[in-house]
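Using this note's numbering, the first residue of the sequence shown is number 1, and each one after it goes up by one. Glycine is no exception: its CB is placed at the ideal position from the N, C-alpha and C atoms. Step one of this worksheet: look at the structure below.
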Amino acid sequence: MPGRKKLIEVALPLQAINAASAREKSIRHGHPSTLHLWWARRPRAAARAVIFAQMVDDPSGYVDTLRSDGKLRRQAESLLKGRRKRWEEATALFDKARKAGISAPEPGPEPRLDDILAEVERNRELKVWRKAMEAAKGVYRLAPLLPREETYGMRSQITRAAASVPANIAEGWTRESDKEKAQFLAVAQGSLAEVETFLTLCEDLGWFPKDKTQNLREAMTEVGKMLTVLRRNFRANR
Numbered sequence: 001m002p003g004r005k006k007l008i009e010v011a012l013p014l015q016a017i018n019a020a021s022a023r024e025k026s027i028r029h030g031h032p033s034t035l036h037l038w039w040a041r042r043p044r045a046a047a048r049a050v051i052f053a054q055m056v057d058d059p060s061g062y063v064d065t066l067r068s069d070g071k072l073r074r075q076a077e078s079l080l081k082g083r084r085k086r087w088e089e090a091t092a093l094f095d096k097a098r099k100a101g102i103s104a105p106e107p108g109p110e111p112r113l114d115d116i117l118a119e120v121e122r123n124r125e126l127k128v129w130r131k132a133m134e135a136a137k138g139v140y141r142l143a144p145l146l147p148r149e150e151t152y153g154m155r156s157q158i159t160r161a162a163a164s165v166p167a168n169i170a171e172g173w174t175r176e177s178d179k180e181k182a183q184f185l186a187v188a189q190g191s192l193a194e195v196e197t198f199l200t201l202c203e204d205l206g207w208f209p210k211d212k213t214q215n216l217r218e219a220m221t222e223v224g225k226m227l228t229v230l231r232r233n234f235r236a237n238r
C-alpha cells in the first residue's frame, strides 16, 4: 500500500528548493558541507515551514474525511463554483483560439471538489501552526522581562508551555487516526491554557506590562478558536 504524500510534496515548491540548494552545493566543488550556506540565508520562518511540511500528511491522502466536514465542504463548493466558471471561460477562449490558428495557453484540468477540499485544509493546517509559532515567539520575547530568580521557575514553565503548542500540533498531524490527531490537539490546547494562566499571573505580579501582552493574547485566542474547530471536526469523524 503506497504511503500518504507529505505536505511538502504538494504545498511547497520542493523542486525549486532542491534545485537552488543543489546549485549552492555545486559552487564549491559539490562538497556537501556547503549545503547549509543556502539554508543559512533563508528566514527562520521558511526553515520551520519546511520542517513542519516534512512531518505532516497532505490532506489529499484523507480527502474522504474532509468531505464529511459540512463547513469545509460548503467553503470548497463555493470556491469550486467560481473556479469552474473561470475554467469554462478559459476553455472556450482556448477552443476559439485553436480554431483560428492562434497559439494560446491551455486552461488545464477541470477543477475538482476533492482538490479544493485538500487545498483549503492545507491552508488551515499551516495557518494554525504558524499562529501557534507566532504566539510562542511572543512568549519568548517577553521572557527576558522576568526577574532573574525566575529563570528556572516561571521563565522555564511559560516558555516550555508556549513551545508545546506548535510542537503538539505538528506531532498530531503525523498521526494516522483522527482520534490520535484530536488527542494531540487537546494537549496543544491544554498547553495554550497554561500559557494564558502564566501570562495572567505575570501581569498581576507586575512582571509583564499589559500593553505588551495584548497582541500575544489576541494571537492565543485565535489559536484557541482554530484548535477547538479542528478538534471538533476530528471527534466527529471518529
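Compute the Euclidean distance between the alpha carbons of residue i and residue j, then round it to the nearest angstrom.
i: Glu88; j: Glu106; result: 12 Å
i: Asp178; j: Arg235; result: 7 Å
i: Gly206; j: Ile158; result: 16 Å
i: Pro111; j: Ala76; result: 11 Å
i: Arg175; j: Arg122; result: 16 Å
i: Val229; j: Val223; result: 10 Å
i: Lys81; j: Phe94; result: 20 Å
i: Gln54; j: Met220; result: 25 Å
i: Thr213; j: Arg160; result: 18 Å
i: Arg83; j: Pro109; result: 11 Å
i: Gly30; j: Ala19; result: Bear in mind that a pLDDT of 49 at Gly30, under 50, signals an unreliable position, so the number given afterwards is only what the model happens to contain. Roughly 13 Å between the two C-alpha positions.
i: Thr151; j: Thr200; result: 18 Å
i: Ile17; j: Leu126; result: 18 Å
i: Lys85; j: Asp211; result: 48 Å
i: Phe198; j: Val120; result: 34 Å
i: Ala193; j: Glu134; result: 16 Å
Excluding the 5 residues flanking residue i on each side, which residues of the same chain have their C-beta closer than 6 Å to its C-beta?
i: Asn233; result: Asp69
i: Trp173; result: Val56
i: Ser164; result: Ser191
Hey, residue i and residue j are a contact pair by Cβ (cut 8 Å); roughly how many whole angstroms apart?
i: Met226; j: Lys71; result: Wrong, their Cβ atoms sit about 13 Å apart, outside the cutoff.
i: Ala60; j: Val10; result: In the sequence on display, residue 60 carries Ser and not Ala. Their Cβ separation, rounded to whole angstroms, is 7 Å, which keeps Ser60 and Val10 in contact under 8 Å.
i: Tyr140; j: Ala162; result: 7 Å
i: Ala182; j: Arg231; result: 5 Å
Short of 7 Å in beta carbon distance, which residues of its chain neighbour residue i, apart from the five on each side in sequence? Order them along the chain.
i: Met63; result: Residue identity check: residue 63 is Val in the sequence provided, not Met. Asp114, Leu117, Ala118.
i: Phe52; result: Trp129, Ala170
i: Arg67; result: Arg73, Leu117
Among the options, which has the Cα closest to the Cα of residue i?
i: Pro144; options: Ile17, Cys202, Glu180, Ala100; result: Cys202
i: Val50; options: Arg84, Arg67, Gln15, Leu66; result: Gln15
i: Gly138; options: Asn18, Pro13, Leu216; result: Leu216
i: Val195; options: Ala136, Ala100, Arg124, Leu126; result: Ala136
i: Gln209; options: Val120, Arg231, Leu142, Ala182; result: First, the residue type needs correcting, since residue 209 is Pro and not Gln in the sequence shown. Nearest of Val120, Arg231, Leu142, Ala182 to Pro209, Cα basis: Leu142.
Spatial neighbours of residue i within its chain, please: C-beta separation below 8 Å, excluding the five flanking residues on both sides.
i: Ile169; result: Val128, Trp129, Ala132, Phe184, Leu185, Ala188, Leu227
i: Glu303; result: The question about residue 303 has no answer here: the residues shown for the chain are numbered 1 through 238.
i: Glu149; result: none
i: Pro147; result: Trp207
i: Asp58; result: Arg4, Lys5, Lys6, Leu7, Glu9, Val10, Ala11, Ala118, Arg122
Item to complete: Pair every Cβ in the region 145-156 with every Cβ in the region 85-104, then say whether three or more of these pairs are closer than 8 Å.
Response: no
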